[in-house]
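Trainee: One structure follows; several queries about it will come next.
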Amino acid sequence: MTISQPISTSQCGCDRADVKAGLWPVDAALAHGISLVVPVSETEVVKLRDAPGRILAGDLCATDLAPRFDNSAMDGFAVRTALLAETGPWIVALGGRIAAGDPDADIDPQAAAVQIFTGARIPGGFDAVIMQEEVVRRGAEISFSKPVQPWLNIRRAGEEYARGETLIRAGTTLGPVQIACAAAAGAGSLSVRRRVKVVLLVSGKELKTAGGPLTGSEISDVNTPMMEAALRDPSVELIARLRISDDCAEMAATLRRFAATADIIVATGGASVGEEDHLKAAIKVAGGQVALSGVAIKPGKPFTLATIDRAVLIGLPGNPVSAFVTWNVLGGPMLDHLTARTPKARAGRHVKADHALQHRPGRCEYRPAKIVGYDAGGTERVSVAQASHSARITSVLNADGLIRIPSFVDQIAAGDLLEFIPFQGK
Numbered sequence: 005m006t007i008s009q010p011i012s013t014s015q016c017g018c019d020r021a022d023v024k025a026g027l028w029p030v031d032a033a034l035a036h037g038i039s040l041v042v043p044v045s046e047t048e049v050v051k052l053r054d055a056p057g058r059i060l061a062g063d064l065c066a067t068d069l070a071p072r073f074d075n076s077a078m079d080g081f082a083v084r085t086a087l088l089a090e091t092g093p094w095i096v097a098l099g100g101r102i103a104a105g106d107p108d109a110d111i112d113p114q115a116a117a118v119q120i121f122t123g124a125r126i127p128g129g130f131d132a133v134i135m136q137e138e139v140v141r142r143g144a145e146i147s148f149s150k151p152v153q154p155w156l157n158i159r160r161a162g163e164e165y166a167r168g169e170t171l172i173r174a175g176t177t178l179g180p181v182q183i184a185c186a187a188a189a190g191a192g193s194l195s196v197r198r199r200v201k202v203v204l205l206v207s208g209k210e211l212k213t214a215g216g217p218l219t220g221s222e223i224s225d226v227n228t229p230m231m232e233a234a235l236r237d238p239s240v241e242l243i244a245r246l247r248i249s250d251d252c253a254e255m256a257a258t259l260r261r262f263a264a265t266a267d268i269i270v271a272t273g274g275a276s277v278g279e280e281d282h283l284k285a286a287i288k289v290a291g292g293q294v295a296l297s298g299v300a301i302k303p304g305k306p307f308t309l310a311t312i313d314r315a316v317l318i319g320l321p322g323n324p325v326s327a328f329v330t331w332n333v334l335g336g337p338m339l340d341h342l343t344a345r346t347p348k349a350r351a352g353r354h355v356k357a358d359h360a361l362q363h364r365p366g367r368c369e370y371r372p373a374k375i376v377g378y379d380a381g382g383t384e385r386v387s388v389a390q391a392s393h394s395a396r397i398t399s400v401l402n403a404d405g406l407i408r409i410p411s412f413v414d415q416i417a418a419g420d421l422l423e424f425i426p427f428q429g430k
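Under the working numbering, the first residue of the sequence shown carries the number 5, and numbering increases by one thereafter.
Structure, rendered in structure tokens:
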């Protein structure tokens, strides 16, 4: 079995100072972006059925024992081991029957054995359960020959957790297991962080809603449905989604409109340096401040961060693959931080290049990659695209994830180790 060591950011080279002049190193850009967002502190109480995917606001602690009482771990027969002779076989009379949820009032208090079912409370004085497969029953009597030790097949009260024990830590994303644990602890509702308010702005006068007729130089809007899907998170409230034209005044007015109510404004397009790119100018007109513009990442160099009133603006490139990559590498982690969820473990893992690759130094590059097998030592091998195509969304369609090529690397040989970042669900 091959054990891969954790991938250290300091080893990847994407935080080095020798990246392309004037651009932020990827890791420095991410750290700066996270410093701009303050995790939400406001909370709300939701019913357990509405809690999946939300972020727990405070530690959930046990208010009782689990189990609450000694109970049978299986179907069988509860016995008093003190009444059993030193040597078997034993023949014992039954004094009743008890199932899960039944009271034990009808049990003969002098009986040496009672029939019992999984989850049923152990009657007072009984201290072991013999599984039914090891017993021969004849009418109101049972016989067995295997010695029985005290507390055999009994779940003891409090053996899972005690009163006051922390069950789920604040910041945990509530999934099926956490919901089950909360229900088992008797919590019908939970205090969670409020949802993060997000506005999605997509610019480009050439864009038309996908599925509609196209004329002239119009193209289908890819970024709106793509980013709506990326933002589909129970801890996110998408308060507005707008497609705006390439006009500085309209952009500025839209930014001012939402800056006081949104936590994050995600904008795609208009962040580059062409005559039709107005995002940075619109930020200034709206009274905001550009915190970062231009990252040494490929694809996605025009990535921009800004602050406007209470909102943080994440400016993604307009090309779909560039927007997809920069959101996953930079924007998504910022949103995670804002939701106050416990930071995720680093997603990357070591893989080996299936073939040689060329890379132009200066920018950290993320290329689509597909897992194609394993080497003799059990390490995954990946087939990697020979180039990035920021406008070709199909270039990532059949990929399993992205590989990260450090900024200073110019050549990768077949068999070299790479960092692989799987897509969600892969």
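Ideal Cβ placement from N, Cα and C applies to all residues, glycine included.
What you are looking at is a predicted structure, and each value in this text was computed from that prediction instead of being measured.
Please give the ranges of any beta strand (DSSP E) in the region 106 to 138, keeping only runs that are unbroken, at least 3 residues long and fully inside the region.
Mentor: Runs found: 117 to 120 and 132 to 135.
Trainee: My output table needs one value for R364: the three-state DSSP class, helix, strand or coil.
Mentor: Three-state DSSP puts R364 in coil, outside helix and strand.
Trainee: Using 8 Å for Cβ pairs, my map puts V3 next to I134. What's the rounded Cβ distance?
Mentor: The question about residue 3 has no answer here: the residues shown for the chain are numbered 5 through 430.
Trainee: Please report the distance separating the alpha-carbon of I375 from that of R385.
Mentor: The alpha-carbon atoms of I375 and R385 are separated by roughly 6 Å.
Trainee: Spatial neighbours of G419 within its chain, please: C-beta separation below 7 Å, excluding the five flanking residues on both sides.
Mentor: Here the set comprises K356 and A357.
Trainee: So, with DSSP's three-state summary, where would you put G377?
Mentor: Reduced to three states, the DSSP call for G377 is strand.
Trainee: On the three-pair Cβ rule with 8 Å, is the region 45 to 53 touching the region 110 to 121?
Mentor: Cβ pair count under 8 Å is below three, so no.
Trainee: Between I425 and the rest of its own chain, which residues show a CB-CB distance below 6 Å, the 5 nearest in sequence each way excluded?
Mentor: Here the set comprises A351, G352, G405 and L406.
Trainee: If V202 and L242 are in contact, beta carbons under 8 Å, what's the gap, nearest whole angstrom?
Mentor: Their Cβ separation, rounded to whole angstroms, is 5 Å, which keeps V202 and L242 in contact under 8 Å.
Trainee: For L69, which residues of its own chain have a beta-carbon under 7 Å away from its beta-carbon, when the five flanking residues on both sides are left out?
Mentor: Cβ neighbours of L69 beyond the five flanking positions: A161, G162, A166 and R167.
Trainee: Who are the Cβ neighbours of S8 in its own chain at under 8 Å, not counting the five residues just before and after it?
Mentor: In this prediction, S8 has a pLDDT of 42, which is less than 50 and means its spatial position is unreliable; what the coordinates show is noted afterwards. Once the five neighbours on either side are set aside, the close Cβ partners of S8 are R353, H354 and T383.
Trainee: Could you pull out every unbroken alpha helix (DSSP H) segment of at least 4 residues lying fully inside the region 255 to 336, listed in chain order?
Mentor: Here the runs fully enclosed are 283 to 289 and 324 to 330.
Trainee: Would you mind giving the Cβ-Cβ distance between L259 and I287, rounded to the nearest angstrom? I have them listed as a contact below 8 Å.
Mentor: Between I287 and L259 the Cβ distance is about 7 Å, and since that is below 8 Å, they are a contact.
Trainee: For A144, report the span of its beta strand (DSSP E) as first-last.
Mentor: Taken as a continuous stretch (DSSP letters only), A144 belongs to no beta strand (DSSP E), as it is neither H nor E.
Trainee: Between the Cα of W331 and the Cα atoms of V413, D414, I269 and R364, which residue gives the shortest distance?
Mentor: Nearest C-alpha to W331: I269.
Trainee: In angstroms, rounded to a whole number, what distance separates the CA positions of I416 and I409?
Mentor: Taking the straight line from one Cα to the other gives about 9 Å.
Trainee: Assign G228 to buried or exposed, taking buried as 16 or more other Cβ atoms, counted over all protein chains shown, within 10 Å of its Cβ.
Mentor: According to the sequence provided, residue 228 is Thr. The question's Gly does not apply to it. That one is buried.
Trainee: Would you tell me roughly how many angstroms separate the C-alpha atoms of G307 and L317, rounded to the nearest one?
Mentor: The sequence shown places Phe at residue 307, rather than the Gly named in the question. For F307 and L317, the distance between alpha carbons rounds to 11 Å.
Trainee: What residues are listed by DSSP as bridge partners for Q415?
Mentor: In the DSSP output, where bridge partners are listed per residue, Q415 has Q362.
Trainee: With a threshold of 16 other CB atoms inside 10 Å of the CB of G220, please say whether the residue is buried or exposed.
Mentor: Counting Cβ neighbours within 10 Å, G220 comes out exposed, since fewer than 16 surround it.
Trainee: Helix, strand or coil for G37, going by three-state DSSP, please let me know.
Mentor: Looking at G37 - three-state DSSP - the assignment turns out to be helix.
Trainee: Leaving out five residues on either side along the sequence, give the residues of the same chain with a beta carbon under 6 Å from the beta carbon of V329.
Mentor: Contacts found: P303, G304 and Y370.
Trainee: Assign T6 to one of three DSSP states: helix, strand, or coil.
Mentor: Note that T6 scores a pLDDT of 37, beneath 50, so its modelled location is shaky and nothing firm can be said.
Trainee: Return the residue from the list A373, F121, S39 and T67 that minimises the CA-CA distance to A77.
Mentor: It is F121 whose Cα lies nearest to the Cα of A77.
Trainee: Anyone know if the C-beta pair for T265 and Q293 falls short of 9 Å?
Mentor: Taking 9 Å as the Cβ cut-off, T265 and Q293 do not qualify as a contacting pair.
Trainee: Could you tell me how far apart the beta carbons of A256 and V289 are, in whole angstroms, since I believe they sit closer than 8 Å?
Mentor: Confirmed, about 4 Å.
Trainee: To the nearest angstrom, how far is it from the Cα of D340 to the Cα of V41?
Mentor: Straight-line Cα distance between these residues: approximately 10 Å.
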